[in-house]
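K.L.:
Before I ask anything, let me first share the structure, which is written out below as structure tokens.
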DNA sequence: AAATCGGGGTT
DNA sequence: AACCCAGATTT
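This is the structure:
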């Protein structure tokens, strides 16, 4: 059983461990078993200068809630398109979104773009090294600031991500839900107490790497873990039950009625609003509604042509001809189960209302960021 | 404190 | 189908 220490009346209880031995075991494992990644320095003291802090900023933005394997091709293409922080700062936001297309959480791309501009305007083009300065950048929270400070600049800043939370929950047998604010506070206090003055970047990456390769959510390979003799969760017999998390809400069922309106070999497209889902991205004209109670179709997606025609006329000034079903599929996001009902129509008459949409040839779409399901809809047009 | 914001990999 | 992922921001 790990003992606990309390420093002062309001101090959090932090498991008492042999921090030196723990760091040594973890770093030795990391030197042997780490994956080589384009944004990662080779392990070793004084490795910080090997990383371009701009690369660190880009990779950490992409890695938020996204697995390493998914990020790899995006990172390569992104750095190729925007090799320096100034190149990114000078870029058009639509082009940044286009490079981010398919990666999800698109606010990250817009924040990263804005962060690059702030690095240029307020930090003379140098990604800051200290956590308080990094925290001023949009899209950079406590984790990302600590990651950049420690990995790219060698600062002894702590980090807690999903991997670290799982490793700590097992290592110290933390029974309370790790997504509860007070437990998060405890995890950060532990990380702060453990991060070493030398090689903090390697140490932080080693914690995450252990979580990704050994201390996995399901079927952790405890027999190969460098911390197996220090793990309270393993000593209790069942580390896989940790970490405990609070239950999540079920996604809401909605319908997106998509109308592909064609005229003279072009299709009508609209840009989504600057806030909310898929902000600032483009799509075929789409009418969103609750599943089963959509204003224009029933639960079986039997569409009321007159209602759809009236909607198109009111919104774009365009009157469609006969509507023809083209495709019907579902798209899953974290908070929604979206049924996409795609119809096609020819536009016989009407003038496009200003600032409501654009007529685009499909081969122009390379320049426009589209959500994945809208790409799917476009790909199924006749 | 809770909700929002994507898409894909794993099991 | 459920859970997770090198989280941040808004409400």
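Residue numbers (the working numbering): 2 to 383. Just so it is clear, CB atoms sit at the ideal spot from N, CA and C, and this is done for glycine as well.
Could you pull the DSSP bridge partners for residue 338 from this structure?
P.N.:
254, 333
K.L.:
Would you kindly work out how many angstroms separate the C-alpha atoms of residue 320 and residue 262, rounded to a whole number?
P.N.:
Between residue 320 and residue 262, the C-alpha separation is close to 9 Å.
K.L.:
Out of 48, 39, 231, 305, point me to the one whose CA is closest to residue 80's CA.
P.N.:
Residue 80 has its Cα closest to that of 39, out of 48, 39, 231, 305.
K.L.:
Can you name, in chain order, every residue of its own chain whose Cβ lies under 6 Å from the Cβ of residue 104, other than the five neighbours on each side?
P.N.:
75
K.L.:
Which stretch, first to last residue, makes up the alpha helix (DSSP H) that contains residue 55?
P.N.:
54-64
K.L.:
Just to check my reading of the structure: residue 322 and residue 349 have Cβ atoms closer than 8 Å, yes? What is that Cβ distance to the nearest angstrom?
P.N.:
5 Å
K.L.:
Between the C-alpha atoms of residue 87 and residue 124, what's the straight-line distance to the nearest angstrom?
P.N.:
Cα-Cα distance, rounded: 12 Å.
K.L.:
Measuring straight from C-alpha to C-alpha, what distance separates residue 378 and residue 63?
P.N.:
26 Å
K.L.:
DSSP state of residue 150, grouped into three classes?
P.N.:
helix
K.L.:
CB-CB under 6 Å to residue 254, same chain, minus the five flanking residues each way: which ones, in chain order?
P.N.:
292, 338
K.L.:
Taking 7 Å as the limit between beta carbons, can you name the residues of its chain near residue 312, skipping five residues before and five after?
P.N.:
288, 297
K.L.:
Can you list the beta strand (DSSP E) stretches of 3 or more residues lying completely in the stretch 269-322, in chain order?
P.N.:
287-291
K.L.:
Could you say which of 325, 268, 214 lies nearest to residue 35 if we only look at CA atoms?
P.N.:
Of the residues 325, 268, 214, the one whose Cα lies closest to the Cα of residue 35 is 214.
K.L.:
Given a threshold of 16 other Cβ atoms within 10 Å of its Cβ, counted over all protein chains shown, does residue 374 qualify as buried or as exposed?
P.N.:
buried
K.L.:
Just mark residue 257 as buried or exposed, buried being the case when its beta carbon has 16 or more other beta carbons within 10 Å.
P.N.:
buried
K.L.:
By DSSP, does residue 192 sit in helix, in strand, or in coil?
P.N.:
helix
K.L.:
Using the three-state DSSP reduction, which class does residue 166 fall into: helix, strand or coil?
P.N.:
Correct three-state label for residue 166: helix.
K.L.:
On the DSSP bridge assignment, give the partners of residue 360 in chain order.
P.N.:
269
K.L.:
Compute the distance between the beta-carbons of residue 212 and residue 161, then report whether it is under 7 Å.
P.N.:
No, these two residues do not count as a Cβ contact at 7 Å.
K.L.:
Beta carbon of residue 146: closer than 6 Å to some heavy atom of the ligand MN?
P.N.:
Although the ligand MN was asked about, the structure shown includes no ligands whatsoever.
K.L.:
Report the partner residues of residue 344 according to the DSSP bridge assignment.
P.N.:
260, 326
K.L.:
How would you label residue 230, buried or exposed, when you count the other beta carbons within 10 angstroms and need 16 or more for buried?
P.N.:
exposed
K.L.:
Residue 370: buried (16+ other C-beta within 10 angstroms of its C-beta) or exposed?
P.N.:
buried
K.L.:
In chain order, what are the residue ranges of uninterrupted alpha helix (DSSP H) at least 4 long that sit wholly in the stretch 197-233?
P.N.:
201-214
K.L.:
Near residue 179, what residues of its chain come up, given a Cβ to Cβ distance below 6 Å and the 5 sequence neighbours on each side ignored?
P.N.:
166, 170, 244
K.L.:
Sort 37, 120, 97 by Cα distance to residue 70 and report the nearest one.
P.N.:
Of the listed residues, the one whose Cα sits closest to residue 70 is 37.
K.L.:
According to DSSP, simplified to helix, strand and coil, what is residue 378?
P.N.:
helix
K.L.:
Please work out which residues of its chain come closer than 6 Å, Cβ to Cβ, to residue 118, disregarding the five sequence neighbours upstream and downstream, and give them in chain order.
P.N.:
Only 90 meet the Cβ criterion.
K.L.:
Ends of the alpha helix (DSSP H) at residue 71?
P.N.:
69-82
K.L.:
For residue 112, which of helix, strand or coil comes out of DSSP?
P.N.:
helix
K.L.:
Put residue 16 into one of helix, strand or coil per three-state DSSP.
P.N.:
In this structure, residue 16 counts as strand in the three-state DSSP scheme.
K.L.:
Would you mind working out which of 77, 314, 50, 106 sits nearest residue 152, comparing C-alpha positions?
P.N.:
50
K.L.:
Would you tell me roughly how many angstroms separate the C-alpha atoms of residue 173 and residue 181, rounded to the nearest one?
P.N.:
Cα to Cα, the separation comes out at about 16 Å.
K.L.:
Who does residue 350 pair with in a DSSP beta bridge?
P.N.:
320
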